[in-house]
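According to the numbering used here, the stretch in the sequence shown is residues 1 to 109, in order.
Ideal placement from N, C-alpha and C gives every residue a C-beta, glycine not left out.
Quick caveat, the model's predicted, so the values are computed rather than measured.
Down below is the structure, laid out as structure tokens.
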Amino acid sequence: MFSGQKFFDDKHFPKGFARSGYFTIKEAQLLETSGRTMKALFEGAMVPQDEEQQKFVDEVNGRRAAESSYALCWLKYLKEINHKHVVYNLCSTSRRGASEDYSEAEADE
């Protein structure tokens, strides 16, 4: 399932797949070498040309259980790009409440 050009996703992985910390070295290599073909098959822009590609399409679309390394890698890629990252902040954004409490404490003294 080799594609002629390397596959990059600068929007979601600006430093590359291998440096993202999400993919193993083997998965990063699979995405780089076969990612264009996998994306074209997934989006329907390319018709499966052999049994391996048809199996990939069936696994990714849920008609079969994902077993091949290509399908597992592509599903992991899709999960990561569609996942919303939540950032928790330990600091309060409003200091209004703290200053009001302080001024009331001073007024009592």
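Of the residues the options, the one placed nearest residue i, counting alpha carbons only
| i | options | result |
| --- | --- | --- |
| residue 7 | 56, 23, 22 and 28 | 28 |
| residue 81 | 1, 17, 2 and 5 | 17 |
| residue 13 | 5, 23 and 4 | 23 |
| residue 34 | 69, 2 and 51 | 2 |
Start and end residues, alpha helix (DSSP H) containing residue i
| i | result |
| --- | --- |
| residue 35 | 25-43 |
| residue 73 | 69-82 |
| residue 55 | 51-60 |
Cutoff 7 Å; reference residue i; Cβ partners in own chain excluding five residues on either side
| i | result |
| --- | --- |
| residue 41 | 48, 53, 56 and 57 |
| residue 75 | 60 and 66 |
Buried or exposed by the 16-neighbour rule on C-beta atoms within 10 Å, applied to residue i
| i | result |
| --- | --- |
| residue 37 | buried |
| residue 77 | buried |
Cβ neighbours of residue i in the same chain (closer than 6 Å, five flanking residues each side left out)
| i | result |
| --- | --- |
| residue 72 | 66 |
Cβ-heavy atom distance, residue i to the ligand ZN, below 7 Å
| i | result |
| --- | --- |
| residue 23 | Looking at this structure, you won't find the ligand ZN or any other ligand, since it has none at all. |
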